[in-house]
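Engineer: Residue numbers (my numbering), protein chains in the order written: chain E, 1 to 121; chain C, 122 to 678.
One structure is given below, represented as structure tokens, and several questions about it will come after.
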Amino acid sequence: MRILVVDDDALAAEMTAAVLEDGGCEAVIVESGDQAMETLATDRDFDAVVSDMNMPGMSGLELFRRLRDGKSGLPFILLSGDDPEQLRGQEPGLAACVAKDAELEETLMTAIAEVRLPAAG
Amino acid sequence: MKSTPSPVLRERIMRLRYAYIDKLPRILDEVKRACEQLAASPQEADTLDTLHRSFHNLKGTAASLGLPEISAEGAVGTDLLGRLKGLDAAERRSAVTAAVGELAACIERLDNLKDSAAIAAAPVTAPWSEAAVAAAAEPAVQRRVVFFCDKDLDGSALGAQLSCFGYTFSSFINAEAMKAEVLAAPPDAVVMSTAGAKLFADLRSTVAVPILFVSERTDFPTRLEAIKAGGEAYFVKPVTAHEVVDALDAVTVRREPEPFRVLIIDDEPEMGDYHALILEGAGMMVRRLDDATRVLEELNEFQPDLLLMDMYMPSCSGRELSRVIRQIPKFVSLPIIFLSSETDRLVQVSAMRVGADGFLTKPIPPEDLVTAVAVRAERTRVLRALMMRDSLTGLLNHTTLAQFLDTALANALRQDSRLCFVMLDLDEFKKVNDTYGHPAGDQVLVALARLLKQRLRTSDVIGRYGGEEFAAILWNLSIDEAVRVIDHIRRDFSALTFKADETVFSCSFSGGVAAFPEHPTAEAIVQAADRALYAAKEKGRGRIAPAAAAGQAEARP
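This is the structure:
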């Protein structure tokens, strides 16, 4: 799987990429929602987007809404420092909302596995 | 079944963690600047947003990198700023001053955390760089801030002594001025006269700062007043630096317990991995072993607090294995827990009879496994500590230190690393005991033990070798560096003053240092250090001497 990682914090992005790559995915990092939009406009070869929630300018949620409204159809996983329960079920079409905590490796890869399933099946 | 992070991933996360800790000072600087901006212009929505995002990032990134304490402070700031964002302009103007004060305290705590995180995250056998040797001249622990307010307390004399133990102090002339400062930037502790107790009675509800009282009064009402003002300790004048440091350490130092070490023996790797993951999730250190026949080597090397093993394995049964282990004296008290799908009570009982401490039936709920292991491992820890440590100083006793030295030399040989063995002896200690009495002598022993613990790295091994003799094993530094490190400690120690009745006295120590691989065996390195110590004493005490390389005459310090 090829995944676009969006995070303004370079270390956090590295961390996310490390987890994804360890799980056998390829990760491409961009620093902002705008960059993500640009990248996705020219490169259609992504299987999912993993984005940080809290970014300057366009937030992760805004990025998701724009992509959803633009009918990108890409599975979108939101990473947040806050309790992910807050968002669960609030945003139709959001594949998963994952908490940035000590269990990130596990919860993120579970979310990725869920995204991957329908495609594989 | 959960997936275990691969070694490669762990390594990457570890590197990211170092990088993050490296970057923290810059992040905190930015946050500090943004805080100042916010204080200056509370209406700037952008500043507030940036600051909120910075704290939010701290909270998230630190948590996923396994730095929960930093993340918790990030959460404090995030909540605070979140509330501020929710206010309208007028409310914000009035709330901003208090919020900035709280943020400053939060940043201050983060500042302290970043140093302890850097120490905690450093590899255990980090080489002693030039900077590290220089830093060892300063107390290794973060400096904690103490406010003094008492007309009789000679702030400067007490302060000079406290600074040897890692405290920075500010002295105040009146309690009101101090109270204002406590509110603005809470210190780690306050030492004050009971005269100002009333003023601080209402403080407890706003700021949680431990207060230690000093007083010339011993009556009950004064003591009660001190308790009501939240006093953590009460000293009757005259006070000594040592009793103050004891109390300050108790209220300001948060010691992270070492993780429990658990060895799992299971011939089914998936099962072993699964249990390992659960225990690691609870913060324990776990090693897995598939091959039961290697258990003795693994026990010696890993030194677990507890052994978790499958009841039925192909090479030998759990019962046989525990009998083998129990035949070795030093493993008699190691807790062994059997894991099995066996539900037959009789089989379980027979397992207990060969020395198992517990029996858990698979599948076991994760929280039950964690509790069963933690309770028993904790007990082993306590028992082991009682057996291994000197009761007065809390340092390792002679026997244990000798065992550690054997292990340390074996490791140094295998890893091709350096190691120094240090022997210290208090100068003319018998005179101290004879002149001032044994309680005064004990005070000196405890003070030296404390100073050594604070100044050496946590990976260094420190023990009380005999009556007034101490020894330490220092990793990865040259003999010259070791002499420098110990000499700094020697100088600071001789600056400490002790009190017996009305007499003030101080003490010094001499030391000898010998290095591996110049002295390759335990016997050789101990003898060499001892000879160097003797040479230092001969030369007039109060100095540290390096041992000569084997076969040469003693070097002159």
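Note that beta-carbon positions come from the ideal geometry of N, C-alpha and C, so glycine has one too.
None of the values given here were measured: they were computed from a predicted structure.
(1) So that I know if they touch, is there some Cβ in chain E lying closer than 7 Å to that of H396 (chain C)?
(2) May I ask you to report which of helix, strand or coil DSSP gives C227 (chain C)?
(3) So the candidates are C:I191, C:L617 and C:H177; which of them puts its Cα closest to the Cα of G203 (chain C)?
(4) Can you tell me whether S512 (chain C) is buried or exposed? The criterion is at least 16 other CB atoms within 10 Å of its CB, across all chains shown.
(5) Of all the CB atoms in chain E, is at least one closer than 7 Å to the CB of K206 (chain C)?
(6) I'd like to know whether the C-beta of A111 (chain E) is nearer than 7 Å to at least one C-beta of chain C.
(7) Counting only C-beta atoms, is D411 (chain C) closer than 7 Å to chain E at any point?
(8) Are at least three pairs of beta-carbons, each pair with one atom in the stretch 314 to 327 of chain C and one in the stretch 338 to 350 of chain C, less than 8 Å apart?
(9) Under the rule that 16 or more other beta-carbon atoms within 10 Å means buried, what is A636 (chain C), buried or exposed?
(10) Where do the ends of the alpha helix (DSSP H) carrying T168 (chain C) lie?
(11) My output table needs one value for V328 (chain C): the three-state DSSP class, helix, strand or coil.
(12) Would you check whether the ligand HEM has a heavy atom nearer than 6 Å to the C-beta of L4 (chain E)?
(13) Cβ of R133 (chain C) less than 7 Å from any chain E Cβ?
(14) Just the Cα atoms here: how many angstroms apart are V245 (chain C) and V567 (chain C)?
(15) Quick one: what's got a C-beta closer than 7 Å to C227 (chain C)'s C-beta in the same chain, skipping five residues either side?
(16) Can you give the Cα-Cα distance for A354 (chain C) and V383 (chain C), rounded to whole angstroms?
(17) Per the contact definition of three or more C-beta pairs closer than 8 Å, is the stretch 489 to 502 of chain C in contact with the stretch 386 to 405 of chain C?
(18) Determine, using beta-carbon pairs with one atom in the stretch 622 to 638 of chain C and one in the stretch 505 to 525 of chain C, whether at least three such pairs fall under 8 Å.
(19) Which word fits D651 (chain C), buried or exposed, when buried means at least 16 other C-beta atoms lie within 10 angstroms of its C-beta?
(20) What span of residues does the alpha helix (DSSP H) with G195 (chain C) cover, start to end?
(21) Name the chain E residues whose beta carbon is nearer than 7 Å to that of Y141 (chain C)?
(22) Given a threshold of 16 other Cβ atoms within 10 Å of its Cβ, counted over all protein chains shown, does R133 (chain C) qualify as buried or as exposed?
(23) Nearest by alpha-carbon distance to L572 (chain C): which of C:P638, C:E223 and C:R612 is it?
(24) According to DSSP, is L149 (chain C) part of a helix, a strand, or is it coil?
(25) Quick one: residues in its chain with C-beta nearer than 7 Å to the C-beta of R116 (chain E), no 5 flanking neighbours on either side, listed in chain order?
(26) Are F423 (chain C) and R409 (chain C) closer than 7 Å when you measure CB to CB?
(27) Spell out the partners DSSP gives G125 (chain E) in its beta bridges.
(28) Pull up the distance between the alpha-carbon of L74 (chain E) and that of P92 (chain E), whole angstroms please.
(29) Helix, strand or coil for G93 (chain E), going by three-state DSSP, please let me know.
(30) Grouping DSSP H, G and I as helix and E and B as strand, with all else coil, what is K144 (chain C)?
(31) If A593 (chain C) and L577 (chain C) are in contact, beta carbons under 8 Å, what's the gap, nearest whole angstrom?
(32) How far does the beta strand (DSSP E) with G352 (chain C) in it reach, from first residue to last?
(33) Flag this pair as yes or no: are the beta carbons of V311 (chain C) and F381 (chain C) separated by less than 7 Å?
(34) Taking the alpha-carbon positions, what's the A670 (chain C) to I600 (chain C) distance?
(35) Kindly list the residues whose CB is nearer than 6 Å to the CB of F626 (chain C), restricted to its own chain and excluding five residues on each side of it in sequence; keep chain order.
(36) Touch check for the stretch 141 to 152 of chain C and the stretch 50 to 68 of chain E: three-plus C-beta pairs under 8 Å?
Structural biologist: On the basis of the data shown:
(1) no
(2) helix
(3) C:H177
(4) exposed
(5) no
(6) no
(7) no
(8) yes
(9) buried
(10) A166 to S185
(11) coil
(12) The model depicted lacks the ligand HEM and carries no ligand whatsoever.
(13) yes
(14) Residue placement at V245 (chain C) cannot be trusted, given a pLDDT of 34 that sits under 50; what the coordinates show is reported in the next sentence. Spanning the two alpha carbons is a distance of roughly 26 Å.
(15) E194, V197 and G198
(16) 39 Å
(17) yes
(18) no
(19) buried
(20) P189 to K206
(21) L11
(22) buried
(23) C:R612
(24) helix
(25) M1
(26) no
(27) For residue 125 (chain E) there is no data in the structure shown, the boundaries of chain E being 1 and 121.
(28) 13 Å
(29) coil
(30) helix
(31) 6 Å
(32) G352 to V357
(33) no
(34) 11 Å
(35) F619
(36) no
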